[in-house]
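> Handing you a structure now.
There are 2 protein chains.
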Amino acid sequence: MTRKIFIRFFIASLTLITLQSRVFANIFTGDDPQKVKYVFLFVGDGMGQAQVNLAQAYLAAIEDHVGFEQLSFTRFPHVGFASTYAYNQLITCSAAAGTALATGHKTSNGRISMDPEGSLPYESIATKAKKDGYKVGIVTNVSIDHATPAVFYAHQPGRDMYFEIGLDLARSDFDFFAGGGFLIPDGGSIESGAVNVIDYAIRNGFNVVNTREGFENLSTAAGKTLVISPRTASEASMPFSIDMAPTDITLADYTAKAISLLDNEKGFFLMVEGGKIDWACHGNDAATAIHEVIAFDKAVEHAVSFYLKHPEETLIVVTADHETSGLALGNNTTRYNSYLALLKYQKSSAVELNNAISRSGVNKSGDPEADFAKMMKIVETDIGLNSTPHNTLLSEEETASLKKVFMEGVYGTGDEENEYRNYEAFINAAVRMLAEKAGISWGSSAHTFVNVPVYSLGQGAEKFSGNIDNTDIPKIIGELMQIK
Amino acid sequence: MTRKIFIRFFIASLTLITLQSRVFANIFTGDDPQKVKYVFLFVGDGMGQAQVNLAQAYLAAIEDHVGFEQLSFTRFPHVGFASTYAYNQLITCSAAAGTALATGHKTSNGRISMDPEGSLPYESIATKAKKDGYKVGIVTNVSIDHATPAVFYAHQPGRDMYFEIGLDLARSDFDFFAGGGFLIPDGGSIESGAVNVIDYAIRNGFNVVNTREGFENLSTAAGKTLVISPRTASEASMPFSIDMAPTDITLADYTAKAISLLDNEKGFFLMVEGGKIDWACHGNDAATAIHEVIAFDKAVEHAVSFYLKHPEETLIVVTADHETSGLALGNNTTRYNSYLALLKYQKSSAVELNNAISRSGVNKSGDPEADFAKMMKIVETDIGLNSTPHNTLLSEEETASLKKVFMEGVYGTGDEENEYRNYEAFINAAVRMLAEKAGISWGSSAHTFVNVPVYSLGQGAEKFSGNIDNTDIPKIIGELMQIK
Numbered sequence: 010m011t012r013k014i015f016i017r018f019f020i021a022s023l024t025l026i027t028l029q030s031r032v033f034a035n036i037f038t039g040d041d042p043q044k045v046k047y048v049f050l051f052v053g054d055g056m057g058q059a060q061v062n063l064a065q066a067y068l069a070a071i072e073d074h075v076g077f078e079q080l081s082f083t084r085f086p087h088v089g090f091a092s093t094y095a096y097n098q099l100i101t102c103s104a105a106a107g108t109a110l111a112t113g114h115k116t117s118n119g120r121i122s123m124d125p126e127g128s129l130p131y132e133s134i135a136t137k138a139k140k141d142g143y144k145v146g147i148v149t150n151v152s153i154d155h156a157t158p159a160v161f162y163a164h165q166p167g168r169d170m171y172f173e174i175g176l177d178l179a180r181s182d183f184d185f186f187a188g189g190g191f192l193i194p195d196g197g198s199i200e201s202g203a204v205n206v207i208d209y210a211i212r213n214g215f216n217v218v219n220t221r222e223g224f225e226n227l228s229t230a231a232g233k234t235l236v237i238s239p240r241t242a243s244e245a246s247m248p249f250s251i252d253m254a255p256t257d258i259t260l261a262d263y264t265a266k267a268i269s270l271l272d273n274e275k276g277f278f279l280m281v282e283g284g285k286i287d288w289a290c291h292g293n294d295a296a297t298a299i300h301e302v303i304a305f306d307k308a309v310e311h312a313v314s315f316y317l318k319h320p321e322e323t324l325i326v327v328t329a330d331h332e333t334s335g336l337a338l339g340n341n342t343t344r345y346n347s348y349l350a351l352l353k354y355q356k357s358s359a360v361e362l363n364n365a366i367s368r369s370g371v372n373k374s375g376d377p378e379a380d381f382a383k384m385m386k387i388v389e390t391d392i393g394l395n396s397t398p399h400n401t402l403l404s405e406e407e408t409a410s411l412k413k414v415f416m417e418g419v420y421g422t423g424d425e426e427n428e429y430r431n432y433e434a435f436i437n438a439a440v441r442m443l444a445e446k447a448g449i450s451w452g453s454s455a456h457t458f459v460n461v462p463v464y465s466l467g468q469g470a471e472k473f474s475g476n477i478d479n480t481d482i483p484k485i486i487g488e489l490m491q492i493k
Numbered sequence: 010m011t012r013k014i015f016i017r018f019f020i021a022s023l024t025l026i027t028l029q030s031r032v033f034a035n036i037f038t039g040d041d042p043q044k045v046k047y048v049f050l051f052v053g054d055g056m057g058q059a060q061v062n063l064a065q066a067y068l069a070a071i072e073d074h075v076g077f078e079q080l081s082f083t084r085f086p087h088v089g090f091a092s093t094y095a096y097n098q099l100i101t102c103s104a105a106a107g108t109a110l111a112t113g114h115k116t117s118n119g120r121i122s123m124d125p126e127g128s129l130p131y132e133s134i135a136t137k138a139k140k141d142g143y144k145v146g147i148v149t150n151v152s153i154d155h156a157t158p159a160v161f162y163a164h165q166p167g168r169d170m171y172f173e174i175g176l177d178l179a180r181s182d183f184d185f186f187a188g189g190g191f192l193i194p195d196g197g198s199i200e201s202g203a204v205n206v207i208d209y210a211i212r213n214g215f216n217v218v219n220t221r222e223g224f225e226n227l228s229t230a231a232g233k234t235l236v237i238s239p240r241t242a243s244e245a246s247m248p249f250s251i252d253m254a255p256t257d258i259t260l261a262d263y264t265a266k267a268i269s270l271l272d273n274e275k276g277f278f279l280m281v282e283g284g285k286i287d288w289a290c291h292g293n294d295a296a297t298a299i300h301e302v303i304a305f306d307k308a309v310e311h312a313v314s315f316y317l318k319h320p321e322e323t324l325i326v327v328t329a330d331h332e333t334s335g336l337a338l339g340n341n342t343t344r345y346n347s348y349l350a351l352l353k354y355q356k357s358s359a360v361e362l363n364n365a366i367s368r369s370g371v372n373k374s375g376d377p378e379a380d381f382a383k384m385m386k387i388v389e390t391d392i393g394l395n396s397t398p399h400n401t402l403l404s405e406e407e408t409a410s411l412k413k414v415f416m417e418g419v420y421g422t423g424d425e426e427n428e429y430r431n432y433e434a435f436i437n438a439a440v441r442m443l444a445e446k447a448g449i450s451w452g453s454s455a456h457t458f459v460n461v462p463v464y465s466l467g468q469g470a471e472k473f474s475g476n477i478d479n480t481d482i483p484k485i486i487g488e489l490m491q492i493k
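Chains as they are written, first to last, in our numbering: chain A, 10 to 493; chain B, 10 to 493.
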């Protein structure tokens with residue numbers, strides 16, 4: 010052996026010893042290096058690549074630079090694309106996509122962890138994890154009986170069977186639930202004489218809290234816990250992030266609490282849904298969608314902090330169930346220009362603006378011209394349109410198009426089904442107009458079938474990279490958790 | 010040492026020996042295991058995730074199943090997302106994005122491998138590879154002086170300086186160029202008395218071929234080679250794939266030829282652009298865009314075949330410069346349904362349909378109603394709209410909207426700037442209507458700033474995974490090729 014070859018051999022041996030150390034350590038201790046103890050699955054409902062990039066570009070734009078700011082999960086080392094199509098339809102609903110993410114099975118739109126015919130249940134990764142000794146938490150900012158949380162604990166042929174889904178929750182042995190409220194808490198008779206789903210959950214051993222104080226004082230001593238948001242907005246969901254008061258509990262608060270309660274020697278599985286990204290996108294409400302993505306990211310940050318303490322045993326997967334509303338990061342009005350910073354002038358969600366308008370009642374003077382003028386003032390102060398300082402003055406044509414929306418339809422026709430329908434249509438049109446001026450557009454107000462991004466960090470994270478299907482996600486998680 | 014521990018140690022040693030063998034082999038031979046010898050960079054111009062998924066879902070739909078067919082590159086093991094924003098603008102043009110992909114520098118829209126001010130040149134990975142002894146090939150199906158190919162060999166402050174870009178090509182020492190033609194082959198005086206760019210290239214040692222026979226007989230003996238397409242369509246590009254005759258040379262043919270000519274002991278760098286995905290998307294022409302993605306994929310297949318012969322030394326990166334036209338895989342008409350198989354009834358691109366109409370001249374009878382009826386027949390036979398067997402009968406409203414497009418504008422006004430302008434607008438509207446019936450939509454006819462997918466295979470491919478910027482791509486390629 011010449012000296013040169015010997016030195017090469019020596020250096021190679023050193024390298025290999027370093028590589029070997031961990032394998033050997035595990036061989037001698039009998040531990041399996043692959044087993045993941047702490048698993049986070051974050052589901053940004055409706056969060057396609059475009060929604061993520063819009064939030065990134067917005068954060069840069071309000072700091073007056075061109076490009077993207079990173080979110081916690083866009084820094085993750087591994088990414089993949091997941092196809093989302095349902096069993097018999099390219100465009101999935103949240104129930105079918107959720108069933109895929111929770112159980113690894115494609116199903117028909119509308120099913121909650123049941124087969125395409127709605128007759129056989131599919132077991133979720135959360136249920137399997139629980140059986141295997143992991144603690145399990147399910148967190149959302151929409152109602153706790155909504156499709157995405159439901160697929161992890163319930164089995165129902167229809168996503169609208171909220172009462173039955175609520176019963177499934179109350180019967181579950183999961184350790185932590187947190188969300189808005191219940192859409193149909195009492196819809197039929199409940200065994201054991203419970204008056205509603207929440208009462209039934211209490212009778213089944215759940216510690217139920219619905220105050221900020223109760224939430225803050227939660228400890229592991231309480232046993233299995235169900236947190237209902239002290240303040241809810243439409244459809245038993247928590248308020249949009251853009252509409253939140255400083256005292257409101259956030260998705261990030263829920264996530265931090267879930268981590269502190271679930272943390273135990275045997276590990277946990279925690280699913281966190283950012284459910285209102287989807288809702289904002291269905292409403293084509295760009296500013297609101299951006300704030301939802303940012304709020305979702307703040308929840309992910311807590312998981313990242315946990316990961317940093319347990320990097321060898323933690324896995325974080327951030328993905329979406331589908332993209333909502335065909336968000337395009339450009340349009341034919343602004344062409345190659347973008348003015349995303351304009352979106353910061355929108356003060357609340359379109360939904361909340363509409364609620365405020367119908368609550369106040371002051372806008373119904375009986376004089377359509379005067380009411381329209383009042384509404385244009387709201388558009389200026391609360392949406393930032395038609396404002397000289399913001400450089401968003403509307404053309405005569407644009408004002409006319411908003412006026413047309415306001416004046417047409419139910420206004421003055423005596424149709425009382427929803428006397429503020431034209432106000433809603435008007436606000437929605439104004440919000441879409443702001444998006445157009447900002448340089449983006451919406452192809453739909455329904456879901457689309459474009460692949461969604463998958464971001465992963467931690468033990469086994471590389472297995473979620475590449476082109477995968479949404480059904481692969483729980484399968485890989487199950488393998489990594491070594492669930493039978 | 011107990012028997013059990015000994016067995017574990019023995020198994021671990023065997024595993025490690027396997028792992029070591031390659032490292033040792035390289036240590037003893039002195040080869041660097043990291044150096045990549047054969048590099049393919051495929052750029053699907055305008056090919057966002059949505060364009061890829063549309064092609065995948067279309068291929069499944071015409072086989073009558075719901076879901077995606079795989080393309081060669083959607084099977085690649087590694088994927089990433091690349092941000093595409095330009096130096097001072099979120100929405101990039103192909104010149105700035107190309108400069109990023111070729112040189113690793115952000116620049117202003119319009120620059121061809123020059124700094125944002127257009128004063129300093131940036132060296133491309135292709136030029137560096139050539140200096141380092143690699144052979145270099147540049148292939149496109151648009152004109153060879155177009156932005157994406159140009160950024161690899163030229164330096165000009167404006168992408169429209171086609172004549173100057175052509176001169177840069179003629180002066181280059183790259184080994185292989187193939188594309189459509191030149192947009193401005195003679196635009197000024199050329200040194201050495203050459204009559205045009207092509208003549209100049211010949212004087213500079215290029216073997217120029219522009220026939221199918223010449224192309225097929227090309228061999229390495231010819232030295233540096235420039236292939237001009239025997240048949241070109243608009244703007245010196247090769248015909249759209251959907252419009253090709255069996256005798257036409259395809260992007261895949263070019264790629265196969267490039268591989269055979271560039272293959273040599275010192276390795277090569279080959280860039281292949283699918284340039285007309287972008288063009289089809291600018292025209293919101295979905296069927297044509299799908300066929301372009303498929304044609305691009307067939308070019309990639311040749312690289313995959315080469316990789317299979319040299320898996321240890323080959324790298325293939327497939328990406329895009331930007332997304333074009335905000336393609337949304339859903340719309341408000343079809344909502345949660347998709348009817349992609351309808352797109353198979355479109356027989357040629359909108360551009361070619363328009364060319365055929367203006368060439369034939371027969372449609373200008375002077376009777377607008379009669380001409381409109383003739384056009385509706387073309388819509389039925391060549392686009393598949395308003396057809397009973399295809400279940401695409403138009404409503405009265407839809408027919409009226411097409412008629413409005415046809416009748417309005419220049420028809421009968423005597424404006425002779427483009428006497429077929431209304432025919433073009435009409436065909437474009439019909440093609441968009443087909444897309445709407447198929448269940449997709451377009452947010453724009455310009456580019457958007459959504460991240461583009463990056464698919465990679467082979468040696469070092471994992472380095473392109475995760476969230477990257479388009480400027481990272483040539484930097485990583487340069488590192489892997491160990492270019493100084």
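Ideal placement from N, C-alpha and C gives every residue a C-beta, glycine not left out.
Determine the burial state of residue 317 (chain A): buried for a count of at least 16 other Cβ atoms within 10 Å of its Cβ, exposed for fewer.
The residue is exposed, with fewer than 16 neighbouring Cβ atoms inside 10 Å.
> Quick check on this structure: which residue in A:467, A:216, A:342, A:294 has the alpha carbon closest to the alpha carbon of residue 64 (chain A)?
When each option's Cα is compared against that of residue 64 (chain A), the closest is A:294.
> Compare the C-alpha of residue 377 (chain B) against each of B:79, B:153, B:416 and name the closest.
Of B:79, B:153, B:416, the residue nearest in Cα terms is B:416.
> Show which residues of chain A have a CB atom less than 7 Å away from the CB atom of residue 273 (chain B).
Those within 7 Å of residue 273 (chain B) in chain A number zero; the least Cβ separation is about 29 Å.
> Could you compute how far the alpha carbon of residue 82 (chain A) sits from the alpha carbon of residue 453 (chain B)?
Looking at the two C-alpha atoms, the distance is approximately 29 Å.
> Taking 6 Å as the limit between beta carbons, can you name the residues of its chain near residue 482 (chain B), skipping five residues before and five after?
These residues qualify, in order along the chain: 110.
> With H, G and I counted as helix, E and B as strand and the rest as coil, what does DSSP make of residue 530 (chain B)?
Missing from the structure shown is residue 530 (chain B); chain B here goes from 10 to 493 and no further.
> Go through its chain and collect everything with a Cβ distance to residue 127 (chain A)'s Cβ below 6 Å, but skip five positions before and after it.
120, 166.
> Name the DSSP bridge partner or partners of residue 457 (chain A)?
Paired residue(s): A:332.
> Compute the Euclidean distance between the alpha carbons of residue 348 (chain A) and residue 153 (chain B), then round it to the nearest angstrom.
About 34 Å.
> Compare the C-beta of residue 185 (chain A) with all C-beta atoms of chain B and state if any pair is closer than 8 Å.
Residue 185 (chain A) does not count as touching chain B.
> Please work out which residues of its chain come closer than 6 Å, Cβ to Cβ, to residue 476 (chain A), disregarding the five sequence neighbours upstream and downstream, and give them in chain order.
Only 90 meet the Cβ criterion.
> Check whether the Cβ of residue 236 (chain A) lies closer than 8 Å to any Cβ atom in chain B.
So, not an interface residue.
> Do residue 93 (chain A) and residue 331 (chain A) count as a contact pair if the criterion is CB distance below 8 Å?
In this structure, residue 93 (chain A) lies closer than 8 Å to residue 331 (chain A) by Cβ.
> Would a C-beta distance cut-off of 8 Å place residue 55 (chain A) and residue 259 (chain A) closer than the cut-off?
No, these two residues do not count as a Cβ contact at 8 Å.
> Give the straight-line distance between the Cα atoms of residue 4 (chain B) and residue 279 (chain B), rounded to the nearest whole angstrom.
No answer is possible for residue 4 (chain B): the residues shown for chain B start at 10 and end at 493.
> Would you mind reading off the limits of the alpha helix (DSSP H) that contains residue 360 (chain A)?
Looking at the DSSP string, the run of the alpha helix (DSSP H) that includes residue 360 (chain A) is 359-369.
> Would you tell me roughly how many angstroms separate the C-alpha atoms of residue 308 (chain B) and residue 270 (chain B), rounded to the nearest one?
Cα to Cα, residue 308 (chain B) sits roughly 15 Å from residue 270 (chain B).
> Rounded to whole angstroms, what is the Cα-Cα separation between residue 298 (chain A) and residue 168 (chain A)?
C-alpha separation (whole angstroms): 23 Å.
> Leaving out five residues on either side along the sequence, give the residues of the same chain with a beta carbon under 6 Å from the beta carbon of residue 201 (chain B).
Excluding positions up to five away in sequence, the list reads 212.
> Measuring only between beta-carbons, confirm whether residue 289 (chain B) sits less than 8 Å from chain A.
Output row for residue 289 (chain B): interface = no.
> Below 8 Å between beta carbons: does that hold for residue 231 (chain B) and residue 216 (chain B)?
Against a cut-off of 8 Å, the Cβ pair of residue 216 (chain B) and residue 231 (chain B) comes out as a contact.
> Is it buried or exposed for residue 368 (chain B), if we count other Cβ within 10 angstroms and need 16 for buried?
It counts as exposed.
> Any C-beta of chain B sitting closer than 8 Å to the C-beta of residue 324 (chain A)?
Chain B, which has no Cβ nearer than 8 Å to the Cβ of residue 324 (chain A), makes this no.
> Is residue 58 (chain A) close to chain B? Criterion is C-beta to C-beta, closer than 8 Å.
By this cut-off, residue 58 (chain A) is an interface position.
> To the nearest whole angstrom, what separates the beta carbons of residue 251 (chain B) and residue 338 (chain B), a pair I think is in contact under 8 Å?
Residue 251 (chain B) to residue 338 (chain B), Cβ: 20 Å. No contact.
> Would a C-beta distance cut-off of 8 Å place residue 183 (chain B) and residue 146 (chain B) closer than the cut-off?
Yes. Within cutoff.
> Going by the CB atoms, is the gap between residue 157 (chain B) and residue 190 (chain B) shorter than 8 Å?
It is not a contact, given that the beta carbons lie outside the stated cut-off.
> Got a sec: which bits of the stretch 87-111 of chain A sit with their beta carbon under 9 Å from any beta carbon on chain B, in order along the chain?
Residues passing the 9 Å Cβ filter: 87, 88, 89, 90, 92, 94, 95, 96, 97, 98, 99, 100, 101, 102.
> For the stretch 456-482 of chain B, which residues have a CB atom closer than 7 Å to at least one CB atom of chain A, in sequence order?
Answer set for the stretch 456-482 of chain B: 456, 457, 458, 459, 460, 462, 474, 475, 476.
> Thinking C-beta only, is residue 234 (chain B) closer than 8 Å to residue 185 (chain B)?
In contact: residue 185 (chain B) and residue 234 (chain B) (Cβ atoms closer than 8 Å).
> What residues match up with residue 327 (chain B) in a beta bridge as DSSP calls it?
B:51, B:464, per the DSSP bridge assignment.
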